[in-house]
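*Asks:*
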Amino acid sequence: MKHACAALKLKTSQYDICSMDGDLLPRKRDILVDQLRSGEFKHLVTTDIKPSKLRDSLVVMYDIPSCLKVYKDRDRPSAVSLVKPSDEIRMKRIKKGT
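Quick note: the sequence shown uses the numbering used here, first residue 830, plus one each step.
Below, the structure written as structure tokens:
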């Protein structure tokens with residue numbers, strides 16, 4: 830997932846995008862979040878980490894979470910899950926909590 834995050838950032842380098850993953854130090858993560866909030870960056874590409882300061886931001890999930898807890902951590906009113914046909918059964922199970 831970390832490599833996909835970095836690759837997506839490279840492919841979209843003409844946009845104001847920052848990326849973050851679990852290896853990023855908390856202080857650096859806070860700096861990136863502040864830069865997002867100030868408008869220096871407009872988009873964030875990230876792995877399963879959850880920057881709590883971005884609670885009201887739109888989240889687009891292109892990788893279905895592996896379990897209900899991770900899904901609930903990501904789920905919010907402004908969240909969208911991109912689901913492939915092969916992920917539909919897993920997504921239904923996650924939504925049901927099984």
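Even glycine gets a Cβ: it sits at the ideal position worked out from N, Cα and C. Since we're looking at a predicted model, the values are computed, not measured.
1) Which one of Lys871, Asp916 and Gln843 has the shortest CA to CA distance from proline 894?
2) Quick one: residues in its chain with C-beta nearer than 8 Å to the C-beta of cysteine 896, no 5 flanking neighbours on either side, listed in chain order?
3) For serine 867, count the other beta carbons within 10 Å of its own beta carbon; 16 or more makes it buried, fewer makes it exposed. Which is it?
4) Who are the Cβ neighbours of tyrosine 891 in its own chain at under 8 Å, not counting the five residues just before and after it?
5) Relative to the C-alpha of methionine 849, which candidate in Val874, Val909 and Lys921 has its C-alpha closest?
*Replies:* In this structure, then:
1) The residue given as residue 894 occupies position 65 in the sequence shown. Measuring from the Cα of proline 894, the nearest candidate turns out to be Asp916.
2) Sequence index remark: in the sequence shown, residue 896 carries index 67 (1-based). The residues are Ile923.
3) Along the sequence shown, one-based indexing puts residue 867 at 38. Classification for serine 867: exposed.
4) Residue numbering aside, residue 891 sits at position 62 when the sequence shown is read from its first letter. These residues qualify, in order along the chain: Leu911.
5) Translated into the one-based positions of the sequence shown, residue 849 becomes position 20. Nearest of Val874, Val909 and Lys921 to methionine 849, Cα basis: Val874.
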